[in-house]
Every structure is written in structure tokens, then in C-alpha cells.
Amino acid sequence: MNDFTEFDAFQLCRNFARAIAVPLNGGVFAKDPVLVTQLRKTIISIYSNFAEGFERDGNREFSQFVSVSKGSVGEARGQLLYAVDFGYVQIEQFEPINSLGVRAIQCLGGLMRHLNTSEMRGRKFKFHSDRKT
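The opening residue of the sequence shown carries number 145 in the working numbering; numbering runs sequentially from there.
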């Protein structure tokens, strides 16, 4: 892959983030600006860590950053549960968003397993192994 946006795992994370944006931007969360800020930071972390890890060009680093993104998806799910418990989101609205989060976590986990077991160590190593000394 040539770009981090090509990964199914990243696309699932984007779908999850977009689904969160619906209630977040709908004004229901206005009662709790701290939660809004924290949830936005968490969502940004999902995108940012995935992209940063990919651009480091090594499987081990990419896997580590995918793990952080995976943790941020979990964090956002927890924050959404808080929003349900305090009346900012109805359970009927939460459930499909949460399902997207679960799917994203599963896909991120699969990507981590692949990266950790792949014979190819990453793009930056490919170029070094092609050199003759």
C-alpha cells in the first residue's frame, strides 16, 4: 500500500469517527463541553496515530501506532457509554456507532497481527536490503 488511507482498518476508523460526529455536532453534547473536547481529541488521535505509524515505514513502529489508534477507538467507545449514561445520547443511537467501533477494533487487531508476523519488515528496510555492500 502506498497511502495509509488505503487500509480497510483506517476506513473503518473514519466511518466510526463520522458516526460519532453526528450526535457530537448535533448540539446534544453542548451540556458537557469537556466531554466534547475530550471526544474530539480522542478521534483526532485515531487518525493521527494510524497515519504517523504508516509514515514511519517500518512494520514494528506501524504496529505500535496502530495499537495506540486501537486504544483510542476503545477510549471513544467508553466516552460514548458515558454520554449514554448521562443522557447525551440515546442507547438506540449509541448501538450502531458502538458496532462500528467494535468492527474497527477487530480490523485494527488483525492489521497488528499481520504486521507483527510479516516477513517484510517495512518499506524503509526494503531499500536497505536491496543495496550491495
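Every residue, glycine too, gets a C-beta built ideally from N, C-alpha and C.
Subject >> Inter-stretch contact at 8 angstroms, needing at least 3 Cβ pairs: the segment 187-203 / the segment 231-244 >> reply: no
Original post:
Can isoleucine 187 and glycine 218 be called in contact, C-beta distance under 8 angstroms?
Top reply: No, the pair does not count as a contact, with Cβ atoms beyond the cut-off.
**OP:** Indicate whether cysteine 157 and serine 211 have their beta-carbon atoms separated by less than 8 angstroms.
**Re:** Cysteine 157 places its beta carbon 8 angstroms or farther from that of serine 211.
Original post:
Just checking, does the segment 215-229 make contact with the segment 146-155 on the three C-beta pairs under 8 angstroms criterion?
Top reply: no
Original post:
CA-CA distance, alanine 165 and asparagine 260?
Top reply: For alanine 165 and asparagine 260, the distance between alpha carbons rounds to 32 angstroms.
**OP:** For arginine 247, collect the residues of the same chain with a Cβ closer than 6 angstroms to its Cβ; drop the 5 residues on either side in sequence, then sort them by chain order.
**Re:** Leu156
Original post:
If you count every other CB in all the chains shown that lies within 10 Å of the CB of glycine 170, and 16 or more means buried, which is it?
Top reply: exposed
Subject >> Bounding residues of the alpha helix (DSSP H) (the contiguous stretch that carries tyrosine 226) >> reply: 203-229
Original post:
Can you tell me the Cα-Cα spacing of methionine 256 and asparagine 159, whole angstroms?
Top reply: 19 angstroms
Original post:
Got a sec: is the Cβ-Cβ distance from glycine 245 to anything in chain B below 8 angstroms?
Top reply: Within the model displayed, chain B is absent; a lone protein chain is all it includes.
**OP:** Quick one: using the 10 Å Cβ neighbour count with 16 as the cut-off for buried, is serine 207 buried or exposed?
**Re:** buried
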